[in-house]
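When we follow numbering that gives the first Met the number 0, the leftmost residue of the sequence shown carries the number 0, and every step to the right adds one.
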Amino acid sequence: MRPPGVGGSGLRGLLLILLGFVVAAMLTAGFVMAQFFDERSQATTTAQQTSTADLWARMLTARMEAHQRLLTSIAQGMHSSLLDKPAVLDALMQQDGSMLRLFESLHVALPNGSLSHHGQVGAPVELDSSGRDGLRRTVNEGKPTVVYMQQVDDTQHLHVLLSVPLRQAEGHISGALAAIVKLPVAALLPEPVSLSKDVQYMLVGSDGVVLVHSEAGQRWLSMKEVMGRNWEEWQALSGPSTANADTRLWGQVLATRVGLPLPQWQAVVLRDMSQDGVIHHFPTSLWWMLGLAAAFLTLLAWYLVWRWIDPRAEPNDPLDSLLSSQGTADDIAVTAHSPAQEESAEPLLKVQAQAMAMMEAMPSTLMLEQDGQVRMATAQLAVVLGYMLEDQERMPIARFFADAQVLQQIRDELVSHGSFEGLIGLKKRDGDTVQLDALAWTPSSLPSATVWQLRLPWRSRKVAPLPGDPQAWRDLLTGLPNREAFVWGLQSWTSESMAASQVADPAHCVSMPAQGCILFADVDHLGMINEITSREMGDKVLRYVGRLIASYTQPLGDVARLGGDEFAVLLPGISLAHAQGVAQALCDALWRWQPNWGGERHWVSISIGVVAADTLRHAANDVLRTADMACYEAKRRGRCQVAVGQVVAPRTTGDH
């Protein structure tokens with residue numbers, strides 16, 4: 000039906016014009032909104048990239064300054080009589096425990112032009128022309144220098160030569176001391192390359208050579224080759240190497256440069272902005288669907304208006320009937336069927352929710368098996384059996400059993416009684432077998448599933464309580480045991496193992512294994528985190544690290560906060576390779592955390608030292624000290640990694 004008193008053809012034209020204006024207004028509004036959100040997104044991206052580059056440059060500067068301070072301390076403590084005794088320096092470089100071994104090689108330059116080289120093992124590293132020039136500048140000007148050494152064959156490290164002046168008591172320069180440091184390339188980048196394919200990270204030397212690049216093929220190129228058509232803009236941006244971040248947009252390239260004053264290098268971040276707009280976040284197929292939907296709605300609106308004003312329109316038009324219908328038999332069937340579908344999935348969802356709640360609340364290792372495959376498992380399963388979390392997904396549970404007959408007996412027990420409880424041997428990833436107390440049961444709501452609870456037998460033994468006030472053995476910030484409690488646990492482990500070794504039938508003695516491993520973890524750059532953010536953020540990091548380590552290692556051993564940014568874990572009964580896997584999983588898990596503070600993302604990492612210990616051969620203090628030194632070695636190599644130490648001091652009478 001059309002409005003009374005209005006001509007059909009005139010009204011049709013007017014409404015079609017209005018409809019065209021409405022469509023044009025909608026398209027214009029969409030374009031304006033896309034532009035607005037693009038600008039907002041670009042501003043946010045610029046701020047985040049500037050902050051990321053600034054934090055990255057600060058971390059690189061702190062790392063370089065740490066090596067420089069260590070070399071300065073060595074130079075200040077070096078007596079002038081050693082300068083003309085290269086044999087003494089060679090002996091110190093090859094002596095175990097010497098601070099000089101923290102560097103790959105040492106080099107001494109004297110004012111008379113003589114130059115000596117001293118390495119750890121074999122022939123020392125010879126200096127190239129840039130290294131010799133750096134030493135000469137230090138001797139002539141009396142200032143520290145930092146130069147890189149281009150080692151094209153070594154794709155995993157950046158070789159850096161640090162040099163400091165040697166001064167006499169009255170302040171005169173008596174020479175220069177230089178050291179070569181190998182910095183892992185991966186540790187010099189701010190994040191895994193796979194996370195940001197449109198972003199390039201590069202460390203550029205003072206001569207414009209790319210020292211480190213997120214794309215390995217771009218390393219050692221000149222910035223002119225890397226920048227291409229943006230070379231002129233880069234020259235205007237680079238300038239002197241100041242520590243202030245400078246961000247510019249060149250067409251579709253967002254460039255940020257931050258200077259490292261000490262080595263006169265630059266940390267550079269380049270982002271391709273061509274895919275960062277709002278319209279680029281949608282796939283092409285979605286835009287086709289939106290276009291078709293808009294076309295359909297436009298045609299539908301045009302048709303409805305046409306039918307509304309057309310005097311020949313018939314009330315029983317099939318399309319009108321379709322639009323005016325209030326439901327069909329199919330609609331009713333679907334409505335009646337939907338609750339049944341939800342009810343059919345409810346038992347599985349209910350069991351999964353219950354299993355996950357138990358997994359989060361209980362300290363034991365838990366997993367949910369269905370139809371012979373592991374569907375869900377706590378992270379502790381990977382720790383106990385040595386598998387990574389990604390390995391467990393959809394893994395057949397039969398792989399854990401060396402003897403298929405044992406698994407079949409357990410299944411028969413589940414069918415007969417609905418549960419199983421006993422000691423079973425499960426196969427670890429490295430092929431060894433570990434004995435575990437197992438409790439398995441079948442949920443009544445899902446007969447095809449089995450819930451497994453696993454626990455090391457010695458974790459169920461009776462442990463003597465700590466003497467005195469329990470709070471005195473706890474760290475107030477994290478709630479973990481403190482250093483005193485951890486040392487007490489080490490000594491108890493030693494005493495218990497020695498007592499078990501004297502039992503006539505050790506097989507029936509439930510005690511801690513005499514062999515195991517110690518992890519010594521240290522949060523990287525915690526002081527810098529406190530300085531950049533706040534002490535509150537630093538405390539948050541420590542609490543999170545404590546919870547993370549405890550959740551990963553609780554089934555195997557005990558974790559404690561030793562103080563400051565240091566944590567330790569006692570892992571009896573596991574091999575060195577197994578402990579290395581646990582430590583690496585901790586490093587990876589913490590690196591993925593990346594907390595936000597003040598709207599900015601921060602990278603947090605830990606360095607971990609791993610030591611294998613035998614309580615019948617090694618003293619507790621020696622083991623802890625060696626683990627500490629291994630952690631220091633991990634930091635020296637570039638942090639955010641695992642290093643292995645070896646206890647060399649045998650147990651003597653009276654050691655605890």
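Where a beta carbon is used, it is the ideal one built from N, C-alpha and C, also for glycine. Model, not experiment: these values are computed from the prediction.
Query	Result
Helix, strand or coil, according to DSSP, for M375 in the structure here?	strand
What does DSSP give as the partner residue(s) for P395 in the beta ladder?	Q372
Starting from the C-beta of K181, find all residues in its chain whose C-beta is less than 7 Å away, skip the five residues before and the five after it, and write them out in chain order.	E103, H156 and H158
Among G118, L109, A86 and R546, whose alpha-carbon lies nearest the alpha-carbon of G141?	L109
What residue from G207, D613, G258 and H617 has the CA that sits closest to D716's CA?	For residue 716 there is no data in the structure shown, the boundaries of the chain being 0 and 655.
Using 8 Å for Cβ pairs, my map puts Q263 next to S205. What's the rounded Cβ distance?	4 Å
Tell whether a beta-carbon distance below 8 Å holds between D564 and V522.	yes
Sort A266, A244 and N229 by Cα distance to Q251 and report the nearest one.	N229
Would G637 be called buried (16 or more neighbouring beta carbons within 10 Å of its own) or exposed?	buried
According to DSSP, is R218 part of a helix, a strand, or is it coil?	coil
In angstroms with no decimal places, state the Cα-to-Cα distance between D197 and S444.	48 Å
Might you give, ordered along the chain, the residues of its own chain that have their beta carbon closer than 6 Å to the beta carbon of Q645, omitting 5 neighbours on each side?	none
Within the continuous alpha helix (DSSP H) that includes C630, where are the two ends?	A619 to R635
Once DSSP output is grouped into helix, strand and coil, what is the label at E103?	coil
Could you round the C-beta distance between F519 and A629 to whole angstroms and report it? I think they count as a contact, below 8 Å.	7 Å
Can you tell me the Cβ-Cβ gap for T255 and D245, rounded? I've got them flagged as a contact below 8 Å.	7 Å
One question on the structure: do W596 and T532 come within less than 8 Å of each other, judged by their Cβ atoms?	yes
Confirm, please, whether the CB-CB distance from W451 to M366 is below 8 Å.	yes
On the DSSP bridge assignment, give the partners of H212 in chain order.	M201
For G598, count neighbouring Cβ atoms within 10 angstroms of its own Cβ and tell me buried if that reaches 16, exposed if not.	exposed
Taking Cβ to Cβ, would you say V609 is nearer than 8 Å to L575?	yes
Using C-beta distances below 7 Å, list every residue in its chain close to G421, excluding the 5 sequence neighbours before and after it, in chain order.	A437
CA-CA distance, V540 and W590?	12 Å
So, Q640 versus C586, is the Cβ gap smaller than 8 Å?	yes
Among G562, V544, S496 and V184, which one has its Cα closest to the Cα of D627?	G562
Between the C-alpha atoms of V382 and D538, what's the straight-line distance to the nearest angstrom?	26 Å
For A503, which residues of its own chain have a beta-carbon under 8 Å away from its beta-carbon, when the five flanking residues on both sides are left out?	Legend: pLDDT at A503 = 49, less than 50; position of this residue unreliable, value from coordinates given subsequently. None.
Taking the alpha-carbon positions, what's the R68 to A439 distance?	58 Å
Relative to the alpha-carbon of R398, which residue among Q408, V373 and F419 has its alpha-carbon at the smallest distance?	V373
Near S418, which residues of its chain fall below 8 Å by C-beta distance, leaving aside the five closest residues on each side in sequence?	E412, L438, A439, W440 and T441
Which residues share a DSSP beta bridge with I73?	Looking at the DSSP assignment, I73 forms no beta bridge with any residue, so it has no partner.
Would you mind stating whether Y200 and P189 have Cβ atoms separated by less than 8 Å?	yes
Mind checking which residues open and close the alpha helix (DSSP H) that includes D538?	R534 to T552
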